[in-house]
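Residue numbers (the working numbering): 5 to 152. As structure tokens, the structure follows; a few thoughts come after it.
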């Protein structure tokens with residue numbers, strides 16, 4: 005897959021349909037930015053990993069489209085699959101686990117945007133397509149005290 009990046013959109017479409025059926029959802033597609041992330045990723049788990057990423061993306065999506073913050077890559081995911089078992093053992097609900105995972109992904113994306121912008125908050129906000137006020141609010145929420 006890492007050598008055939010042009011196959012990714014076709015596979016994504018197929019996996020979206022499967023995930024929609026599996027989870028009884030109606031996610032229409034994937035945002036352009038999310039697709040860019042998929043095409044840039046190195047895919048050590050190949051097609052099976054892509055399928056899992058899309059399934060999780062559909063499951064986490066609260067809109068008609070899978071967004072970058074819905075993409076959980078196995079190698080970069082803050083909450084690894086084996087930790088889900090521990091979360092369930094602690095009595096956490098599916099919603100609590102998903103909310104926590106989504107927050108971890110959002111925090112990671114914020115950090116990456118800040119790194120990519122060299123710590124410039126205006127540039128980071130522009131990269132994320134959010135306002136600076138929203139960026140400051142999210143930085144406060146996730147206790148990101150200074151640009152990285």
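The beta-carbon is built from N, C-alpha and C at its ideal position, and this holds for glycine as well.
Query raised in the report: Looking at the structure shown, is residue 34 part of a helix, part of a strand, or coil, going by DSSP?
Result: Reduced to three states, the DSSP call for residue 34 is strand.
Query raised in the report: Helix, strand or coil: which one does DSSP assign to residue 45?
Result: Residue state, collapsed to three classes: coil.
**Report entry** Nearest-angstrom Cα separation, counted from residue 149 out to residue 42
**Finding:** Rounded to whole angstroms, the gap between the alpha carbons of residue 42 and residue 149 is 29 Å.
Query raised in the report: What are the start and end residues of each continuous alpha helix (DSSP H) run of 4 or more residues lying completely inside the region 108-143, in chain order?
Result: Listed in chain order, they are 125-132.
**Report entry** Own chain partners of residue 146 with C-beta closer than 8 Å, once the 5 adjacent residues on each side are dropped
**Finding:** Counting only Cβ-Cβ distances below 8 Å, and skipping sequence neighbours, we find 107, 110, 111 and 114.
Query raised in the report: Near residue 93, what residues of its chain come up, given a Cβ to Cβ distance below 7 Å and the 5 sequence neighbours on each side ignored?
Result: Taken in chain order, the list of residues that qualify is empty.
Requested in this report: Check the DSSP bridge columns for residue 69 and list the partner residues they point to.
Outcome: Paired residues: 33.
Report task. Using 10 angstroms around the beta-carbon of residue 98, count the other beta-carbons present and answer buried if the total reaches 16, otherwise exposed. Result -> Per the 10 Å Cβ criterion, exposed.
Query - Environment of residue 61 [buried if 16+ CB atoms lie within 10 Å] - result: Buried, by the Cβ-count rule.
Query raised in the report: Any idea if residue 2 is buried or exposed, counting beta-carbon neighbours within 10 angstroms, 16 or more meaning buried?
Result: Because the chain in this structure spans residues 5 to 152, residue 2 falls outside the shown range and cannot be described.
Query - Coarse secondary structure for residue 3, derived from DSSP in three states - result: A question about residue 3 goes unanswered here, because the residues of the chain that appear run from 5 up to 152.
Query - Euclidean distance between Cα positions of residue 84 and residue 48 - result: Caution is warranted here: a pLDDT of 44 is assigned to residue 84, below 50, making its placement in the model unreliable, and the coordinate value is therefore given only provisionally. Rounded to the nearest angstrom, the two C-alpha atoms are 16 Å apart.
Query raised in the report: Thinking just about the alpha-carbon of each residue, which of 30, 6 and 11 is nearest to the one in residue 69?
Result: Nearest C-alpha to residue 69: 30.
Requested in this report: Look up residue 25 in the DSSP assignment and say whether it is helix, strand or coil.
Outcome: Looking at residue 25 - three-state DSSP - the assignment turns out to be helix.
Query - For residue 6, three-class secondary structure by DSSP - result: Coil at residue 6, not helix or strand.
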